[in-house]
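Participant:
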Amino acid sequence: TDEDLTLVQAVSQALVQLPQPVVFSVHGWTVGAGLEWMLDGDIALAAQGTRLRLPEAAIGVFVTGGLSATLVASAGLARAKAITLLGEPFTAAQAQAWGLVWEVVPDEQLEARAQAVCAQIAALRPEVAAAFKRVFNRIGLPAFDAAIEQENAVTRALVSGPMDGSAAG
61 TDEDLTLVQA
71 VSQALVQLPQ
81 PVVFSVHGWT
91 VGAGLEWMLD
101 GDIALAAQGT
111 RLRLPEAAIG
121 VFVTGGLSAT
131 LVASAGLARA
141 KAITLLGEPF
151 TAAQAQAWGL
161 VWEVVPDEQL
171 EARAQAVCAQ
181 IAALRPEVAA
191 AFKRVFNRIG
201 LPAFDAAIEQ
211 ENAVTRALVS
221 GPMDGSAAG
């Protein structure tokens, strides 16, 4: 629904715009919006057994949450297209190799490692951490706001009727 789209994108925008760095630790299956939000964060850690997937194309929906900017910025254009169009599951090790997560740790060490990373960031001067996040996002994600707008347009067009490939994008 339009309300769901608005809420998903509000979370994504908050994660990117929040001055404090956001650390994600993921385990089990990280699928769809969960993966989108992980990429909206600043540092992602994954348990070794984590599996990730973006099945949106396979189920006939479009991505939201700025993924068209964050995934391309993290993984590159060709890999982003393959991840989304094929929708195949991939491992935490692949996610790390592709630049989607910072570190992969044994499942039982994930919580402790996430707490250690958070403590390390919390020890920084807040204005310095915020400045790094703000500037890096401006340089590395210059198309984030445009991605949100384009994703809105495509999602709404898909919901309202068939697309011929030329609408909304």
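Counting from 61, one number per residue, gives the positions in the sequence shown under my numbering. Idealized CB from N, CA, C, for every residue including glycine. Here the structure is a predicted model, which is why all the values come from computation and not from measurement.
Taking only runs that begin and end inside the region 165-207, name each unbroken alpha helix (DSSP H) of 4 or more residues, in chain order.
Facilitator: 170-182, 186-200
Participant: Using the C-alpha atoms, what's the distance from Ala174 back to Asp64?
Facilitator: Taking the straight line from one Cα to the other gives about 29 Å.
Participant: On the DSSP letters alone, give me the boundaries of the beta strand (DSSP E) that Val86 sits inside.
Facilitator: 83-86
Participant: Apart from the five residues just before and just after Asp102, which ones in its own chain have a Cβ nearer than 8 Å to its Cβ?
Facilitator: Pro81, Val82, Val83, Lys193
Participant: Buried or exposed: which applies to Gln169, given that a residue is buried once 16 or more other Cβ atoms fall within 10 Å of its Cβ?
Facilitator: Flag for Gln169 reads exposed.
Participant: Looking only at its own chain, which residues have a Cβ that is under 6 Å from the Cβ of Pro79, when we skip the five neighbours before and after it?
Facilitator: Ala190
Participant: Can you grab the Cα-Cα spacing for the pair Val68 / Ala93, in whole Å?
Facilitator: Taking the straight line joining both Cα atoms gives about 8 Å.
Participant: Please report the Cβ distance between Arg111 and Thr151, rounded to the nearest whole angstrom; I am assuming they are in contact, meaning their Cβ atoms lie under 8 Å.
Facilitator: About 6 Å separates the Cβ atoms of Arg111 and Thr151, confirming a contact at the 8 Å cut-off.
Participant: Identify the residues that DSSP records as bridge partners of Glu163: which are they?
Facilitator: DSSP lists Leu105 as partners of Glu163.
Participant: Just verifying my parser: in three-state terms, what is the DSSP assignment at Leu145?
Facilitator: helix
Participant: Rounding to the nearest angstrom, what Cα-Cα distance links Leu218 and Pro149 in this structure?
Facilitator: 24 Å
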